[in-house]
Amino acid sequence: MWIDLHHTRQPGKLVQLTVEYGGKPRPAPMAPWSGGFSWAKTPSGAHRIATTCQGEGADIWWPCKDHVSDEPRNMGLHFRVPSDLVVATNGQLLKTEPHGDGTTTYHWYISNPINIYNVSFNAAPYRLIEDRMASVAGDTFPVVFYVLPEDYDKGVELFSEIKDHLRFYEELLGPYPFRADKYGVVQTPHLGMEHQSIIAYGAKFNNGSMTGGIDWGFDALHHHELAHEWWGNLATNSDWRDMWLHEGFGSYMQPLYAERLKGREVYKSYMRNMRRFSNTLAIAPRESMTSKEIYRAPIYVKGAWVLHSLRYLIGEEAFFKALRRMAYPDPSLEVQTDGGQTRFVTTDDFLTICEEASGQSLDWFFEVYLRQPALPELFSRIDGNKIHLHWKTPNNLPFPMPVEVELGKEVKRYDIPPEGLTITFEKGVKPVVDPEGWLLYEIGRK
Ligand SMILES: [Zn+2]
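The sequence shown runs 1 to 446 under our numbering.
What follows is the structure in structure tokens.
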């Protein structure tokens with residue numbers, strides 16, 4: 001779209017534009033993966049409406065500058081609907097305006113910068129479940145669940161878990177970023193989406209909706225979408241090539257929560273379960289990508305596994321410090337609620353943060369795991385009472401990844417030089433390589 005400004009304008013001067021538009025929004029072919037408007041019915045036959053547009057961009061339903069590297073600083077949203085419907089959307093509700101003709105306009109305002117694909121519209125005869133929560137930042141913020149009347153009791157039950165999830169993230173990563181507006185969850189016909197301050201929830205109160213039917217003891221779909229308030233909405237990839245910062249980080253939070261609830265063994269089986277999927281994609285390529293191009297399973301599962309292996313490499317203290325610094329690089333940002341806390345991020349930003357937190361040089365780790373499609377191969381060969389280990393990487397890239405080996409009752413971490421390492425063990429011992437399952441690799445075969 002080109003706009004003729006009629007006469008010369010000085011740089012830095014604000015120009016106000018009004019764009020009038022209208023039309024019939026496209027129905028979503030398969031929300032949320034193929035977006036648009038979803039027109040659905042509640043069990044009792046009332047209308048319920050929802051939007052999704054992560055893959056296509058928000059320009060499928062309103063005029064906007066459709067690139068992830070730019071965000072509106074704030075937004076007013078006005079929806080006129082039949083008066084028996086309740087509108088739930090991003091930001092804060094300023095007022096409702098009944099028109100006396102059976103319709104009502106909802107006036108909403110988003111006070112923080114927002115990824116445009118996160119702007120959403122949901123309407124149904126919702127009931128509200130509400131509370132206020134105390135943040136680790138010292139202030140309080142509203143928490144609201146917009147639930148279908150038929151599911152009210154289930155909603156009340158999930159609401160207390162929603163608050164547990166919020167507490168977990170606040171302790172791990174720092175304050176919930178959009179306290180100036182609210183934390184909202186809305187029941188939707190589609191599975192889920194990370195719509196800022198109004199998370200779309202369509203898991204039907206089934207803990208296994210996102211995990212192939214496995215119940216890990218919590219609602220993984222809600223937990224995942226809430227992760228995006230930090231990984232995606234607070235810290236946003238400035239190009240979709242870095243989308244693993246949203247989805248890989250977001251996916252790693254569920255095994256961390258499983259570990260918090262049930263211990264290290266459950267964490268490890270959650271990680272093993274994720275390892276079944278393909279990992280052959282350069283999940284942080286150097287060339288620019290659209291969200292449709294990069295959106296494939298490895299940005300989730302390989303991304304989560306890269307973080308798992310990074311945790312092993314740099315250790316608990318440095319790893320969790322780096323996670324928190326990636327969310328909030330400076331503690332002074334944790335108390336900001338005017339939008340100054342949000343920022344754009346790249347994979348290299350995370351590299352810098354990890355190097356600072358660990359005091360280690362980690363370029364080799366990022367290069368092999370994130371920039372290459374193929375995984376490193378670990379070759380191990382037993383010869384009498386010796387085991388020989390060596391790494392093979394795409395293009396022979398350096399990969400000084402230490403490997404743990406269990407020899408009898410002892411587990412030791414060995415540095416592997418480029419030419420490989422030979423370890424001698426006692427008779428009767430059966431060596432186990434990487435016994436705790438920390439490393440992301442393929443088993444090397446000749
Ligand atoms: Zn996600």
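The C-beta atom is built at its ideal place from N, Cα and C for all residues, glycine as well.
Contact check, residue i vs residue j, beta carbons under 9 Å
i	j	result
K392	F425	no
K182	V143	yes
M289	D219	no
V68	S251	no
S38	P189	yes
M271	G437	yes
H390	P418	yes
L281	K262	no
L245	W231	yes
N115	E71	yes
H195	S120	yes
A200	P32	yes
C53	G35	yes
T105	R73	no
R241	I294	yes
For residue j and residue i, the rounded distance between their alpha carbons
i	j	result
K268	M253	13 Å
E225	G192	7 Å
L166	Y176	7 Å
D66	P298	25 Å
P82	N122	13 Å
R286	Y369	13 Å
E161	P255	16 Å
A180	V306	33 Å
Y21	H78	14 Å
G184	Y441	39 Å
G174	G102	44 Å
R276	G212	12 Å
I49	V136	35 Å
R9	M1	18 Å
G456	A124	Limits of the chain in this structure are 1 at one end and 446 at the other, which puts residue 456 out of reach.
E316	D84	52 Å
I416	T51	51 Å
D164	F366	33 Å
P329	G248	19 Å
Coil, strand or helix - residue i by DSSP
i	result
I214	coil
W244	helix
K182	coil
F121	coil
H308	helix
F205	coil
P149	helix
F249	helix
Y295	coil
Q254	helix
M271	helix
P331	helix
M326	helix
E287	coil
G384	coil
I443	strand
V19	coil
Y126	coil
Beta-carbon proximity list for residue i, same chain, < 6 Å, skipping 5 on both sides
i	result
N112	F178 and G339
G76	Y109
S358	I314 and A318
R413	P402 and E404
I283	W244, P298, I299, K302, G303 and L370
V86	Y126
Chain-order list of residues whose beta-carbon lies under 8 Å from that of residue i (same chain, five-residue window excluded)
i	result
I3	L17
S361	E355
Beta-carbon proximity list for residue i, same chain, < 7 Å, skipping 5 on both sides
i	result
V147	Y126, R127, I129, G155 and Q187
A88	N122, Y126, Y146, G184, V186 and I198
heavy atom of ligand 2 below 8 Å from residue i C-beta
i	result
S111	Of the ligands this structure carries, namely ligand 1, none is ligand 2.
Quick check: the stretch 93-109 against the stretch 20-37, are at least 3 beta-carbon pairs closer than 8 Å?
Taking a contact to require three or more Cβ pairs closer than 8 Å, the stretch 20-37 and the stretch 93-109 do not qualify as touching.
Tell me, please, whether the stretch 204-218 touches the stretch 373-387 by the rule of three or more beta-carbon pairs shorter than 8 Å.
For the pair of segments examined, the stretch 204-218 was found not to touch the stretch 373-387: the number of CB pairs separated by less than 8 Å stays below three.
Any contact between the stretch 390-410 and the stretch 427-439? By contact I mean 3 or more CB pairs, one from each, below 8 Å.
With the cut-off at 8 Å, the stretch 390-410 and the stretch 427-439 touch.
Between the stretch 232-247 and the stretch 199-212, are three or more C-beta pairs nearer than 8 Å?
Note that the stretch 232-247 does not touch the stretch 199-212; fewer than 3 beta-carbon pairs, one per stretch, sit closer than 8 Å.
The stretch 321-330 / the stretch 353-360 touching (three or more Cβ pairs under 8 Å)
Segments in contact, yes.
Taking contact to mean 3 or more Cβ pairs, one atom from each stretch, closer than 8 Å, check whether the stretch 107-122 and the stretch 82-92 are in contact.
Result yes; three or more Cβ-Cβ pairs closer than 8 Å.
For the structure I just gave you, are there three or more beta carbon pairs, one from the stretch 51-68 and one from the stretch 130-141, closer than 8 Å?
As far as the Cβ criterion goes, the stretch 51-68 does not touch the stretch 130-141, which means the pair count is below three.
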